[in-house]
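*Asks:*
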Amino acid sequence: MTLTSLKTCSLEELKKEPWRLQIQADNTAEQLRSLVLKNYHVFIQSNQCAAIVKDDLAELKEETIKIEAAIPNLQDYVAEFQKEVADVVAKHGDIQFVFEHYLQLTELLEIPQLLEACIHNELFDSALDVIQFANETFQVDENTETSRNIVIDCLVKEVAEMTSIMREKLLQKLREDLQLALCVRIVGYLRRLDALVGRDGTAAVGSLEYEKLLKEEFLSCRNVWLSSLSRGISSSDPYQYVRMPPCTVYLCNSLMNILLHAL
């Protein structure tokens with residue numbers, strides 16, 4: 032009952048109002064009790080759900096703490112995984128580069144075999160061209176900090192070995208019976224080869240010291256041939272044996288003159 036309605040009520044109605052309110056309260060309480068009894072299982076389920084949610088929240092909190100503790104290790108694993116992925120990507124890039132430049136790489140790998148074939152067939156001009164090409168191709172700036180590839184190192188090593196073989200073969204040719212023009216040509220090959228290789232511990236090509244060493248090397252090789260020539264003449268033949276010293280002096284003088292003018 033509102034305040035306005037109370038003003039219009041009579042005294043008797045006002046006296047009955049508490050009783051009426053009590054009856055209304057009792058009816059409301061009875062309805063509430065009936066509703067609770069009718070839906071008691073809902074309250075039980077709600078209480079059970081609250082207990083389950085509380086346990087789940089406690090478990091979730093424990094799992095969250097474990098996850099927070101594992102995050103640093105996970106970050107380390109992720110960083111390591113990213114590094115491995117970067118390495119794989121780099122290797123894939125190298126493989127792709129090899130695939131795209133297969134023909135050029137095959138030609139580079141065949142340089143030692145080509146050089147060996149030229150030396151074996153005494154194609155010294157072609158061999159020198161191959162050595163020069165290898166030097167220009169595999170040349171690395173010493174100021175750079177990048178490491179050389181192991182394949183390139185192997186190729187450089189093989190080319191150096193074949194270069195040594197070529198030089199020894201040229202010296203061996205000088206120990207044989209050759210025409211003087213061919214001897215001079217071989218000396219030119221030696222000079223070109225030394226200029227390309229730049230052997231450690233030797234004088235620079237073109238210097239007086241180098242020219243002196245080259246002359247000594249040339250005379251030493253030709254002396255082997257002269258010695259073999261003298262051993263081939265039997266002392267039982269007086270005519271040939273007597274003519275040998277002048278022949279030797281003549282040959283030595285001829286070689287020296289050519290060496291002095293051509294080297």
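According to this note's numbering, the sequence shown is numbered sequentially starting from 32.
The C-beta atom is built at its ideal place from N, Cα and C for all residues, glycine as well.
Computed from a predicted structure; not experimentally measured.
Measure the Cβ-Cβ separation of residue 198 and residue 159 and say whether it is below 9 angstroms.
*Replies:* Not a contact, by the Cβ cut-off of 9 angstroms.
*Asks:* Measuring alpha carbon to alpha carbon, tell me which of 181, 103, 194 ends up nearest residue 147.
*Replies:* Among 181, 103, 194, the Cα nearest to that of residue 147 is on 194.
*Asks:* Counting only the same chain and skipping the five closest in sequence on each side, list residues whose C-beta sits under 7 angstroms from that of residue 150.
*Replies:* Closer than 7 angstroms at the Cβ level, and outside the excluded window around residue 150, lie 158, 193, 196, 197, 200.
*Asks:* Please confirm if residue 202 has its CB atom under 9 angstroms from at least one CB of chain D.
*Replies:* Any reference to chain D falls outside this structure, which holds one protein chain only.
*Asks:* Please list, in chain order, all residues of the same chain as residue 221 whose beta carbon is under 6 angstroms from its beta carbon, the five residues on each side excluded.
*Replies:* For residue 221, where only same-chain residues beyond five positions count, the Cβ hits under 6 angstroms are 201.
*Asks:* Would you tell me roughly how many angstroms separate the C-alpha atoms of residue 211 and residue 244, rounded to the nearest one?
*Replies:* Straight-line Cα distance between these residues: approximately 19 angstroms.
*Asks:* Any contact between the region 131 to 146 and the region 180 to 188? By contact I mean 3 or more CB pairs, one from each, below 8 angstroms.
*Replies:* They touch, by the three-pair rule.
*Asks:* State yes or no: is the C-beta of residue 74 within less than 9 angstroms of the C-beta of residue 67?
*Replies:* Contact: yes.
*Asks:* With H, G and I counted as helix, E and B as strand and the rest as coil, what does DSSP make of residue 151?
*Replies:* Residue 151: helix per DSSP, three-state reduction.
*Asks:* Assuming contact is defined by CB atoms lying nearer than 9 angstroms, are residue 209 and residue 218 in contact in what I supplied?
*Replies:* For residue 209 and residue 218, no; Cβs fall outside 9 angstroms.
*Asks:* Using the Cα positions of residue 256 and residue 167, report the straight-line distance between them to the nearest angstrom.
*Replies:* So the alpha carbons of these two residues sit roughly 37 angstroms apart.
*Asks:* Taking the alpha-carbon positions, what's the residue 76 to residue 57 distance?
*Replies:* Using only the alpha carbons, I get a separation of about 28 angstroms.
*Asks:* Indicate the three-state DSSP secondary structure (helix, strand or coil) for residue 72 in the structure shown.
*Replies:* It is helical.
*Asks:* Which of the three DSSP states is assigned to residue 216 in this structure?
*Replies:* It is helical.
*Asks:* Quick test of your reading: residue 215 and residue 143, contact by CB under 8 angstroms. State the CB separation rounded to the nearest angstrom.
*Replies:* Not quite, the Cβ-Cβ distance comes to about 29 angstroms (not below 8 angstroms), so this is no contact.
*Asks:* So for residue 24, helix, strand or coil by DSSP?
*Replies:* With the chain represented from 32 up to 294, any question about residue 24 goes unanswered, as that position is not in the structure.
*Asks:* Quick check: what's the CA-CA separation for residue 165 versus residue 153?
*Replies:* Distance between the alpha carbons of residue 165 and residue 153 is about 19 angstroms.
*Asks:* Going straight from the alpha carbon of residue 295 to that of residue 242, what length do you get?
*Replies:* Any answer about residue 295 is impossible in this case: the structure gives the chain only from 32 up to 294.
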